[in-house]
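Heads up: the sequence shown begins at 1 in this note's numbering, then just goes up one per residue. Single-structure report; data block below.
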Amino acid sequence: MTTVRKRRLLLVLATAFAVGGCAEMRRHEARDTGDLLVAAGFRSKPADTPEREQRLRAQPPLKMVSQSKDGHLVYRYADPYSCDCLYVGDEQAYAEYKRLALKKQVAEERLEAAEAEESAAMDWGLWGPWWW
């Protein structure tokens, strides 16, 4: 195999792994958001017919979209990656989703800070601990 062919093969493999990793991140993000939406009171409507599948694909994926219906706001979140479904909720469910998402973000930030603090306390570097 020539050097050029090896480089091309390596480039193709690297691209395939990168694209596969992005797809997995999308599925993970969608799954986490879907869990929050259901906990907040959104209803999951599966795309189990060709018509629903087509409408799901027409929605912007993984984005919250609001629409006024009969004088009330209705929120939709299309998830074609994880559950192949559409989450639908009202204003109350959306407010609860925002509250839960903020609570989750704060918890994740606290965990990161605690892990960084623990790591800093354990890593004395080349010079040893401060009392050394």
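Positions of the beta carbon are idealized from the N, C-alpha and C atoms, including for glycine.
What number of angstroms, rounded off, separates the C-alpha of residue i from the C-alpha of residue j?
| i | j | result |
| --- | --- | --- |
| Lys69 | Ala114 | 45 Å |
| Pro80 | Arg43 | 15 Å |
| Ser82 | Ser119 | 34 Å |
| Arg31 | Leu111 | 21 Å |
| Glu108 | Leu102 | 10 Å |
| Met64 | Glu29 | 14 Å |
For residue i, which residues from the same chain have a beta carbon less than 8 Å from its beta carbon, with the 5 sequence-adjacent residues on both sides left out?
| i | result |
| --- | --- |
| Asp84 | Pro46, Ala47, Glu53, Leu56 |
| Val74 | Ser66, Gln67, Ser68, Val88, Gly89, Asp90 |
Looking at the secondary structure, which residues open and close the alpha helix (DSSP H) in which residue i lies?
| i | result |
| --- | --- |
| Gln59 | Segment: none, Gln59 is in no alpha helix (DSSP H) and carries neither H nor E. |
Could you please give the first and the last residue of the uninterrupted beta strand (DSSP E) stretch that includes residue i?
| i | result |
| --- | --- |
| Tyr87 | 85 to 89 |
| Ser82 | No beta strand (DSSP E) holds Ser82; DSSP gives it neither H nor E. |
Could you say which of the options lies nearest to residue i if we only look at CA atoms?
| i | options | result |
| --- | --- | --- |
| Leu37 | Arg99, Pro60, His72 | Arg99 |
| Thr33 | Leu111, Thr2, Lys104, Thr49 | Lys104 |
| Pro61 | Pro50, Leu86, Gly71, Thr49 | Leu86 |
For residue i, which residues from the same chain have a beta carbon less than 6 Å from its beta carbon, with the 5 sequence-adjacent residues on both sides left out?
| i | result |
| --- | --- |
| Ala40 | Ala93, Glu96, Tyr97, Leu100 |
| Gln59 | Ala78 |
Bridge partners of residue i, per DSSP?
| i | result |
| --- | --- |
| Lys69 | His72 |
| Arg43 | Val88 |
Whose C-beta lies closer than 7 Å to the C-beta of residue i among residues of the same chain, with five residues either side of it excluded?
| i | result |
| --- | --- |
| Val106 | none |
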